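Chains A and B are the protein sequences, given in the same order. Per our numbering, residue 54 is the first one in the first sequence, and the count goes up by one each step. Per our numbering, residue 63 is the first one in the second sequence, and the count goes up by one each step. Idealized CB from N, CA, C, for every residue including glycine. Being a predicted model, the structure only gives us computed values, none of them experimental. Data first, discussion second: the structure below is written as structure tokens.
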Amino acid sequence: GENVEQHPSTLSVQEGDSAVIKCTYSDSASNYFPWYKQELGKRPQLIIDIRSNVGEKKDQRIAVTLNKTAKHFSLHITETQPEDSAVYFCAASKGIQGAQKLVFGQGTRLTINP
Amino acid sequence: DTEVTQTPKHLVMGMTNKKSLKCEQHMGHRAMYWYKQKAKKPPELMFVYSYEKLSINESVPSRFSPECPNSSLLNLHLHALQPEDSALYLCASRPVGAGNTIYFGEGSWLTVV
Numbered sequence: 054g055e056n057v058e059q060h061p062s063t064l065s066v067q068e069g070d071s072a073v074i075k076c077t078y079s080d081s082a083s084n085y086f087p088w089y090k091q092e093l094g095k096r097p098q099l100i101i102d103i104r105s106n107v108g109e110k111k112d113q114r115i116a117v118t119l120n121k122t123a124k125h126f127s128l129h130i131t132e133t134q135p136e137d138s139a140v141y142f143c144a145a146s147k148g149i150q151g152a153q154k155l156v157f158g159q160g161t162r163l164t165i166n167p
Numbered sequence: 063d064t065e066v067t068q069t070p071k072h073l074v075m076g077m078t079n080k081k082s083l084k085c086e087q088h089m090g091h092r093a094m095y096w097y098k099q100k101a102k103k104p105p106e107l108m109f110v111y112s113y114e115k116l117s118i119n120e121s122v123p124s125r126f127s128p129e130c131p132n133s134s135l136l137n138l139h140l141h142a143l144q145p146e147d148s149a150l151y152l153c154a155s156r157p158v159g160a161g162n163t164i165y166f167g168e169g170s171w172l173t174v175v
């Protein structure tokens, strides 16, 4: 089955600097790659996603890149702010038996230092 | 309306109790999911329903029993749970089709005593 590796497990950056989180996946059939932000005690919230036919996507301070050949994708957050502090999960998804199965990475705890 | 609603938000149950978690969405999504999340871990898939039929069961113990009465509702029946089953249980839904967003509910915090 699919295996998603996420690095680093913790990341601390100064406010205003950039943060990068990287993920690799194992199943070349995976075709959808979302990123979720989860604050303490809350649900995972989708922040950006990318489909396998796209190499890069940007939404304001957040961008995601996908390298299908290497089977890795990355989240880039620029001009970080204290409210960006949270746990971030990458995920990979493919269709199985009429449904999409989402497999998560282990998460990255991002801390923004003021 | 992009809400997935879960009840109850918190549940404490004994190991001999029978209880249920409920999930509801009115977005017309035909795929619904149960995930389990332990502290400091990612969500872990339990079950997937597609068009009200169980399509994926990730080898979940039979003390967890899912039910999808209609396209808007998803239940998780709990019986004879163990303390290690204490976790956040997340329901999610998604429009059927490739590469569509999964929407998570707020979750139900379960404590088994």
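- Using a CB distance below 7 Å, the part of the stretch 97–112 of chain A facing chain B consists of 97, 99, 102 and 104, ordered along the chain.
- DSSP places residue 129 of chain B within a strand segment (E or B) once states are collapsed to three.
- Rounded to the nearest whole angstrom, the CA to CA distance from residue 122 of chain A to residue 92 of chain A is 32 Å.
- Counting other Cβ atoms within 10 Å of its Cβ, residue 156 of chain B reaches 16 or more and is therefore classed as buried.
- One Cα belongs to residue 111 of chain A, the other to residue 75 of chain A, and the distance between them is close to 16 Å.
- Three or more beta-carbon pairs drawn from the stretch 136–148 of chain B and the stretch 80–93 of chain B are found closer than 8 Å, and the two stretches are therefore classed as touching.
- Taking C-beta separations shorter than 7 Å and ignoring five residues to either side along the sequence, the partners of residue 137 of chain A in its chain run 130, 163 and 165, following chain order.
- For residue 104 of chain B and residue 149 of chain B, the gap between their C-alpha atoms comes out near 12 Å.
- Residues of the stretch 147–163 of chain A whose Cβ lies closer than 7 Å to any Cβ of chain B, in chain order: 148, 149, 150, 151, 152, 153, 154, 155, 157, 158, 159 and 160.
- Using a CB distance below 7 Å, the part of the stretch 136–147 of chain A facing chain B consists of 142, ordered along the chain.
- The straight-line gap separating the alpha-carbon atoms of residue 107 of chain B and residue 80 of chain A is approximately 17 Å.
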